[in-house]
Amino acid sequence: MISKAKHLYRPEYFEAQKSDHQGSILIDASLNQHLFVAASVFVLMTIICFVVFTEYTRRDTLNGVVSPTGGIVKIQANDEGYAEKVLVTEGEKILAGAPLYEIKTERYDQFGQGVKKRIVTTIENQIALLNERRSKEIEKSQHQLEVIDDDLVRLSEEANILKVVVDLSEQELSLAQSLVDKQQVLVNKQFISSIELQRQRLELITLEAKVQNQRLSLQRLGREKANREETRETLQLDLEIALQDIDRQLQQIVQNKMEYFFQTDTQIVSPINGVVASIFVKEGHSVNKGQPLLVLIPEGEEPVFVELYAPSRSIGFIQEGQDVRLRFDAFPYEKFGVQQGVISSISKSAVTAEMLPNSPLIQSQLSRTHGGVGLYQVRVKLDKPTITVYGEEQMFVPGMTLTADIELDTRKVYEWLLEPLYTIKGRM
């Protein structure tokens, strides 16, 4: 039947049945459609390239503060009083032992009179009396020494004269002895009587007694001279002892005066070489014992550094040697630019904000951004310790607060997009 039916129609009929009677679209695509397709493909390829090849760096902002390299030295008052003189200015370089303050601690009696003035007057009167006594002791001793020196001169002259007299008397005695010897020869020859010889011997004995008396007088003068010399030495020794005693009393009084002045007029000096960072007490202000007066920064090649405080979520990607961009609150970065630094060290353990050495300076910022979170101390070395302000270089002062931008890690964009998948995979 089928074959017979096929013979009833021409082959062209069956070919026509196989084709679509609606035919093909004869309208061509417009230029806008081509541009749209091309733009869509370009945008899609751009997005794919951006996601695959572009890197994104995650940054974190940390709070920090400028700190001195060698720490800070706080100078405190030793007693209550008032600052009579401030001998330094902020930013001034000073040496160890240089005076910083003169603190007065004057007290007044019930009549409103200064006790210090009366005490000082009493001390000065004591010093004047001792100096006067010293002068009189010297004057008295000099007078006594002059008398003794005159006696020594007189005794020396008398001794010299007496020596001459003794020499003459000895010569006379020698002549008398010679005469007696000659008369003895004459008596033996009976040229003269023995009575004449006896008379001559009596004169000889008289001369011998005279010579002995003169010798005794000479010895007596020698002893008297020696006694006067000994008296002179004793007088000099007594004068030295008296002067030493007076000098000791003067020294004690002067020491008491110095101690009193130290108690009432305290001069505070610098314990180190450094720079005056801050002055808290001005001239005329009252001070209490232990009150901070000023702050010193030790002298050094790098006077300051920056200390940042990083939370635990950021510390894992912070490494030594990383560059840091610093924005100081005292110098708006929009006007004075961003400063550069390099991380030099990172603390090994975290501490609370209250335990940080500079916590009072940035307590509000730390509490607002990292309240109750352990913080790591990140030390940053500045490229230069100064900032250019209107053409002049100004030092960074310890205590200045700042914020810092630190690059944590760099990854492809698609890695950031797939991070939730990595997180799920890490938890499984």
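Residue numbers (my numbering): 44 to 471. Think of the CB as a built atom: it goes at the ideal place given N, C-alpha and C, for glycine as much as any other residue.
Local Cβ density within 10 Å of residue i, reported as buried at 16 or more and exposed below that
{"i": "isoleucine 284", "result": "exposed"}
{"i": "glutamine 255", "result": "exposed"}
{"i": "proline 54", "result": "exposed"}
{"i": "phenylalanine 371", "result": "buried"}
{"i": "methionine 44", "result": "Any answer about methionine 44 is weak, because its pLDDT of 46 lies below 50 and its placement is not dependable; what the coordinates show is given next. Looking at its Cβ environment, which holds fewer than 16 other Cβ atoms inside 10 Å, methionine 44 is exposed."}
{"i": "asparagine 106", "result": "buried"}
{"i": "leucine 336", "result": "buried"}
{"i": "serine 313", "result": "buried"}
{"i": "glutamine 295", "result": "exposed"}
{"i": "isoleucine 90", "result": "exposed"}
{"i": "serine 178", "result": "exposed"}
{"i": "tyrosine 352", "result": "buried"}
{"i": "valine 207", "result": "exposed"}
{"i": "arginine 382", "result": "Inspection of the sequence shows that residue 382 is occupied by glutamine rather than by arginine. Buried, because 16 or more other Cβ atoms sit within 10 Å of the Cβ of glutamine 382."}
{"i": "isoleucine 238", "result": "exposed"}
{"i": "phenylalanine 79", "result": "exposed"}
{"i": "serine 357", "result": "buried"}
{"i": "alanine 447", "result": "buried"}
{"i": "phenylalanine 85", "result": "exposed"}
Range covered by the alpha helix (DSSP H) that runs through residue i
{"i": "serine 313", "result": "Neither: serine 313 is in no alpha helix (DSSP H) and is coded neither H nor E."}
{"i": "phenylalanine 374", "result": "Neither: phenylalanine 374 is in no alpha helix (DSSP H) and is coded neither H nor E."}
Inter-residue Cα distance where the pair is residue i and residue j
{"i": "alanine 393", "j": "glutamate 363", "result": "17 angstroms"}
{"i": "valine 349", "j": "proline 428", "result": "10 angstroms"}
{"i": "leucine 222", "j": "glycine 265", "result": "33 angstroms"}
{"i": "leucine 205", "j": "serine 184", "result": "31 angstroms"}
{"i": "glutamate 213", "j": "leucine 247", "result": "11 angstroms"}
{"i": "leucine 445", "j": "tyrosine 303", "result": "48 angstroms"}
{"i": "isoleucine 386", "j": "glutamine 365", "result": "5 angstroms"}
{"i": "glycine 124", "j": "glutamine 334", "result": "11 angstroms"}
{"i": "histidine 328", "j": "glycine 134", "result": "21 angstroms"}
{"i": "cysteine 92", "j": "aspartate 103", "result": "27 angstroms"}
{"i": "alanine 126", "j": "proline 375", "result": "36 angstroms"}
{"i": "arginine 176", "j": "lysine 147", "result": "34 angstroms"}
{"i": "glutamate 189", "j": "glutamate 251", "result": "38 angstroms"}
{"i": "alanine 82", "j": "asparagine 75", "result": "10 angstroms"}
{"i": "glutamate 272", "j": "serine 217", "result": "35 angstroms"}
{"i": "serine 110", "j": "tyrosine 419", "result": "16 angstroms"}
{"i": "lysine 117", "j": "asparagine 174", "result": "44 angstroms"}
{"i": "asparagine 121", "j": "phenylalanine 360", "result": "48 angstroms"}
{"i": "isoleucine 322", "j": "valine 338", "result": "7 angstroms"}
{"i": "glycine 140", "j": "glycine 317", "result": "11 angstroms"}
{"i": "valine 131", "j": "proline 341", "result": "15 angstroms"}
{"i": "proline 441", "j": "asparagine 299", "result": "42 angstroms"}
{"i": "alanine 171", "j": "isoleucine 191", "result": "30 angstroms"}
{"i": "glutamate 215", "j": "glutamine 187", "result": "41 angstroms"}
{"i": "lysine 253", "j": "arginine 263", "result": "15 angstroms"}
{"i": "serine 291", "j": "valine 297", "result": "With the sequence shown as reference, residue 291 is identified as arginine, and serine is not the correct amino acid for it. One C-alpha to the other measures close to 10 angstroms."}
{"i": "valine 196", "j": "lysine 232", "result": "54 angstroms"}
{"i": "arginine 422", "j": "glycine 384", "result": "10 angstroms"}
{"i": "alanine 202", "j": "glutamate 276", "result": "21 angstroms"}
Where the beta strand (DSSP E) containing residue i begins and where it ends
{"i": "serine 357", "result": "Premise fails: serine 357 lies in the alpha helix (DSSP H), 355 to 358, not in any beta strand (DSSP E)."}
{"i": "leucine 380", "result": "Per the sequence presented here, residue 380 reads as glycine, with leucine not at that position. Here glycine 380 belongs to no beta strand (DSSP E), and DSSP marks it neither H nor E."}
{"i": "alanine 126", "result": "124 to 129"}
{"i": "tyrosine 419", "result": "418 to 425"}
{"i": "lysine 232", "result": "First-last for lysine 232: undefined, no H or E at that position."}
{"i": "proline 142", "result": "142 to 147"}
{"i": "proline 341", "result": "335 to 341"}
{"i": "glutamine 365", "result": "Where glutamine 365 is concerned, there is no enclosing beta strand (DSSP E), given that its DSSP letter is neither H nor E."}
{"i": "glycine 134", "result": "Glycine 134 -> no beta strand (DSSP E), and no H or E assigned at all."}
{"i": "valine 324", "result": "Here valine 324 belongs to no beta strand (DSSP E), and DSSP marks it neither H nor E."}
Where residue i falls: helix, strand or coil (DSSP)
{"i": "methionine 443", "result": "coil"}
{"i": "threonine 112", "result": "coil"}
{"i": "isoleucine 45", "result": "Low local confidence applies: a pLDDT of 46 at isoleucine 45 is under 50, so the model's placement there is unreliable, and no value is given."}
{"i": "alanine 393", "result": "coil"}
{"i": "threonine 429", "result": "strand"}
{"i": "threonine 104", "result": "strand"}
{"i": "leucine 351", "result": "strand"}
{"i": "proline 54", "result": "helix"}
{"i": "glycine 317", "result": "strand"}
{"i": "lysine 117", "result": "strand"}
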